[in-house]
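**Student:** In the numbering used here, the protein residues as written are 934 to 1542.
Positions of the beta carbon are idealized from the N, C-alpha and C atoms, including for glycine.
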DNA sequence: TTAGGGTTAG
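1. Roughly how many angstroms lie between the CA atoms of residue 1178 and residue 1221, to the nearest whole one?
2. Inspect the CB distances between the stretch 1390–1401 and the stretch 1363–1372 and report whether three or more fall short of 8 Å.
3. Go ahead and pull the three-state DSSP assignment for residue 1563.
4. To which residues of the same chain is residue 956 closer than 6 Å at the C-beta, ignoring the five residues directly before and after it?
5. Residues in its own chain within less than 6 Å of residue 970 by CB, not counting five upstream and five downstream?
6. Apply the 10 Å Cβ neighbour rule to residue 1352 and answer buried if 16 or more other Cβ atoms are within range, or exposed otherwise.
7. May I ask you to report which of helix, strand or coil DSSP gives residue 1472?
8. Compare the C-alpha of residue 1435 against each of 1276, 1405, 1421 and name the closest.
9. Please list, in chain order, all residues of the same chain as residue 1550 whose beta carbon is under 6 Å from its beta carbon, the five residues on each side excluded.
10. Assign residue 1138 to one of two classes, buried (16 or more other C-beta atoms within 10 Å of its C-beta) or exposed (fewer than that).
11. Is the separation between the beta-carbon of residue 1373 and that of residue 1324 shorter than 8 Å?
12. Among 1281, 1168, 1188, whose alpha-carbon lies nearest the alpha-carbon of residue 1159?
13. Flag this pair as yes or no: are the beta carbons of residue 1133 and residue 1161 separated by less than 8 Å?
14. Could you say which of 1212, 1333, 1313, 1314 lies nearest to residue 1296 if we only look at CA atoms?
15. Which of helix, strand or coil does DSSP assign to residue 1007?
16. Whole angstroms is fine: what's the gap from residue 1361's alpha carbon to residue 1045's?
17. Excluding sequence positions up to five away, which residues of its chain have a Cβ less than 7 Å from the Cβ of residue 1358?
18. Give the DSSP-derived three-state secondary structure of residue 1036 in the structure shown.
19. Counting only runs of 4+ residues fully inside the stretch 1254–1307, write out the alpha helix (DSSP H) ranges in chain order.
20. Between the Cα of residue 1006 and those of 1022, 1265, 1029, spot the shortest distance and give me the residue it belongs to.
21. Going by alpha carbons, who is nearest to residue 1493 out of 1473, 1466, 1471, 1528?
22. Mapping the DSSP letters down to three states, classify residue 1232 as helix, strand or coil.
23. Taking a contact to mean a Cβ-Cβ separation below 8 Å, would you say residue 1305 touches residue 1267 in this structure?
24. Under 7 Å Cβ to Cβ from residue 1500, same chain only, skipping five residues before and after it: list those, please.
25. Per DSSP, what kind of secondary structure is residue 1542 in: helix, strand or coil?
26. Could you tell me if residue 1484 is buried or exposed, where buried requires 16 or more neighbouring beta carbons within 10 angstroms of its beta carbon?
27. When you compare each of 1020, 1416, 1356 to residue 991 by their alpha carbons, which one comes out closest?
28. Given residue 1223, which residues of its chain have a CB within under 6 Å of its CB, disregarding the five upstream and five downstream residues?
29. Report, in whole angstroms, the separation of the C-beta atoms of residue 1111 and residue 1099, which I expect to be a contact under 8 Å.
30. Which residues in the same chain have their Cβ closer than 8 Å to the Cβ of residue 1318, if we skip the five residues on either side of it in sequence?
31. For residue 1439, count neighbouring Cβ atoms within 10 angstroms of its own Cβ and tell me buried if that reaches 16, exposed if not.
32. For residue 1074 versus residue 1038, is the C-beta spacing smaller than 8 Å?
33. State the DSSP-derived secondary structure class of residue 1370, mapped to helix, strand or coil.
34. For the stretch 1119–1198, list the alpha helix (DSSP H) runs that are entirely contained and at least 4 residues long, ordered along the chain.
35. If you drop the 5 nearest sequence neighbours on each side, which residues of the same chain put their C-beta closer than 7 Å to that of residue 1131?
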């Protein structure tokens, strides 16, 4: 590829400057030298007449090495040119800079920078843009900004390079500020600029403004701009807007499909993500790593193990893709297939902190707390540094296994051992840990000691523990805190109302019911589902829609009867008090989770028969 | 001749 480029450039230069020296049949060293001379001479400040034969050789050698991507030889030739105050053409320097980027050669790149600005030489804007890009690629944004500030002339590429750099590093304010400066400077943004700056939108209003500008200048049809728009609307959970932009497209490409599929997958709408995936396949596109990662995420959110297994077959051809492997690992963990997850994890050649965290959390969420903690210890010796989320997984494992001392040890040492300051979620895990263990005084003490403000989730965790351990005073306190932070939490209203009812505080009950009515707060029915033979069966409370409804309720009632024989007493604390006696029990017995589990048990039994 | 879009763990 590079060779073709080299030859093609050689021909053009020859024709322009020395037609007699060009000969298709003689592509030898001599002619190559002539061509380099021709190209370089256009930018030699000293002019061709002042160039001696030796100097010609130097520049020609330099050019040759740049196009051959021979970095050591090119740099040596550059030193010789510097010594003799010689320069090559901008395009050749551009090739050398690309070579430095490819080799991660920061020192050499800086040396080229120094050379093209030495002895009063004034590089073209194009060449400075290439240097800007080099600093950006090396993550040396301060150097890029300093160079940008020195530029006497900045074009749309110069501005876009800087805007893209700030957007990528999530310096959103700076990226938007530079867009404004660019407009004030009279430089018009193009599709490159918009596709880069969109992700820096700090608010929905910002996004609407940018979108309007894009439509006004007629750039909405550009695929890059369009996929960036779909992506940012999805990130702001504006999925209808994202879908509208997508549907307006006459032609699409894979990245645009991936943007819209990813948007739905990330917003917990796995169904729509999978529908779009089917549409994509029907349109003749082949899934790549990004598509499959989003499809796996959709399977994960819907707990579709069988579909996930089918996706796994396609993942095999991208078996070195870390992100995709992590998504696959997570799918198996969340679908409860720890054996498959562990097998993937063991076989992964490259693992990062996300792989380890996913597996630790997978063990913890599936009830294997000890395995989670053992894996965490292995991780520490593997050289991968745990992060905020890893520690959440560790504390989660401790809380679900009642390992109070282990949890306290990890919590107290996380700052010192791993440099991670406990955040709200870590405190939440500790409140859960102490609360489950019945240590409610310690739990509330910890909440009061939190460095960050406790949120509704923290108070709800405490409330849950109070309910289990029947600490009604503290429960009332926690419930009020939850409702002050989340006034639409129907479950907490009901629980608080029941606490009042149990202590005959009927005026408080009435006042709370009034608040619920006035606020239009209703308990949304939860939904549970189970996958049987590649089919998903979904249930809500007291569901009668399933074709096998009679058999399901017959079996469920038998299970409840057997449980009662063993001493089970339904806890009706969470059920609305105006539902009475048997009805109250039924709203617990016919809970959607129970219906789904009983149907699963029936299906297993049928399979064995 | 330089700049741009999509994917993973709580």
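**Tutor:** In terms of the structure at hand:
1. If I take the Cα positions, the gap works out to 22 Å.
2. They touch, by the three-pair rule.
3. Since the first residue shown for the chain is 934 and the last is 1542, residue 1563 is missing from the structure and cannot be characterised.
4. In this predicted model, residue 956 has a pLDDT of only 24, less than 50, meaning its place in the structure is not dependable enough to derive any value.
5. With a pLDDT of only 32 at residue 970, under 50, the local geometry of the prediction cannot be trusted, and no value is derived from it.
6. The residue is exposed, with fewer than 16 neighbouring Cβ atoms inside 10 Å.
7. Strand at residue 1472.
8. By alpha-carbon distance to residue 1435, the top candidate from 1276, 1405, 1421 is 1405.
9. Shown here, the chain extends from 934 to 1542; a query on residue 1550 therefore has no answer.
10. Label assigned to residue 1138: exposed.
11. For residue 1373 and residue 1324, no; Cβs fall outside 8 Å.
12. For residue 1159, the closest of 1281, 1168, 1188 by C-alpha to C-alpha distance is 1188.
13. Not a contact, by the Cβ cut-off of 8 Å.
14. Cα-wise, what sits closest to residue 1296 is 1333.
15. It is helical.
16. Residue 1361 and residue 1045: Cα-Cα distance of roughly 53 Å.
17. Excluding residues within five positions, the ones whose Cβ falls inside 7 Å are 1325.
18. Three-state result, residue 1036: helix.
19. Complete alpha helix (DSSP H) runs here, min 4: 1255–1267, 1271–1280, 1286–1298.
20. If we check each option's Cα against that of residue 1006, 1029 comes out closest.
21. The residue from 1473, 1466, 1471, 1528 with its alpha-carbon nearest to that of residue 1493 is 1528.
22. Residue 1232 sits in a helix when the DSSP states are folded into three classes.
23. Their beta carbons are not under 8 Å apart, which means residue 1305 does not touch residue 1267 by this criterion.
24. If we look at residue 1500 and ignore the five residues flanking it on each side, it has no Cβ neighbours.
25. Residue state, collapsed to three classes: coil.
26. Within a 10 Å sphere around the beta-carbon of residue 1484 sit fewer than 16 other beta-carbons, which makes this residue exposed.
27. Looking at the Cα atoms, 1020 is the closest of the given residues.
28. Closer than 6 Å at the Cβ level, and outside the excluded window around residue 1223, lie 1191.
29. With a Cβ gap of about 6 Å, residue 1111 and residue 1099 count as contacting.
30. Apart from the 5 residues on each side of it in sequence, residue 1318 sits with its Cβ closer than 8 Å to the Cβ of 1286, 1351 in its chain, given in chain order.
31. Taking all protein chains in view, the Cβ of residue 1439 is surrounded by fewer than 16 other Cβ atoms within 10 Å, so the residue is classified as exposed.
32. Going by C-beta atoms, residue 1074 is not nearer than 8 Å to residue 1038.
33. Look at residue 1370 here: in three-state DSSP terms it is coil, with no helix or strand label.
34. For the stretch 1119–1198, whole alpha helix (DSSP H) runs of length 4 or above, ordered along the chain, are 1124–1130, 1137–1149, 1156–1168, 1172–1180.
35. For residue 1131, where only same-chain residues beyond five positions count, the Cβ hits under 7 Å are 1143, 1161, 1162, 1165.
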